[in-house]
Amino acid sequence: AGGAFVGAACAILACACPAPFRPAPMLLVLVCAAAGLLGSLLDSLLGATVQYSGWDARLKKVVHAPGPGVTHISGAPVLGNHLVNLLSSGGAAVAVVVFAQA
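Note that the numbering used here has the sequence shown beginning at 23, numbered continuously upward.
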């Protein structure tokens, strides 16, 4: 859902550009799709490596912080979920800008 929102926002903002700067429709679709894919991949990579996930046997659910009774599943406790989402969205946005400049 997040990737679809970013793609829709990209398309709306691109259509709001003045005519000489507006990208071709097919190029717009490809760039938006690539940005969504890149953001999703970056989110998965960061989530698996620097966002802690563990199983709390008492609560019987996945938790995002180490603690007593929590079995480590993956990731280091470096970043929280919100920061992982921010970095992956920001990384995709920067990639689109760099691509657009090329």
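Glycine included, each C-beta is placed from N, C-alpha and C at the ideal position.
Beta-carbon contacts of residue i that lie in its chain and below 6 Å, excluding the five residues immediately before and after
i       : result
Ala-114 : Ala-57, Leu-60 and Gly-61
Leu-64  : Ser-110 and Gly-113
Ala-79  : Gly-91
Under the three-state DSSP convention, the category residue i falls into
i       : result
His-94  : strand
Val-116 : helix
Leu-35  : helix
Val-19  : Not covered by the structure: residue 19. The range shown for the chain is 23 to 124.
Closest residue to residue i among the options (Cα-Cα distance)
i       : options                             : result
Leu-105 : Phe-121, Trp-77, Leu-68 and Ala-122 : Leu-68
Ser-66  : Gln-123, Asn-107, Ala-38 and Phe-27 : Asn-107
Same chain only: Cβ atoms within 7 Å of residue i, ignoring 5 sequence neighbours per side
i       : result
Tyr-74  : His-86, Ala-87, Pro-88, Gly-97, Ala-98 and Pro-99
Phe-121 : Val-53
Residue-chain proximity (residue i, chain C), Cβ-Cβ < 7 Å
i      : result
Ile-34 : Structure shown: chain C not included; a single protein chain is present.
Which ranges would you report for the alpha helix (DSSP H) in the stretch 38-87 if only whole runs of at least 4 residues count?
Listed in chain order, the complete alpha helix (DSSP H) runs (minimum 4 residues) inside the stretch 38-87 are 47-72.
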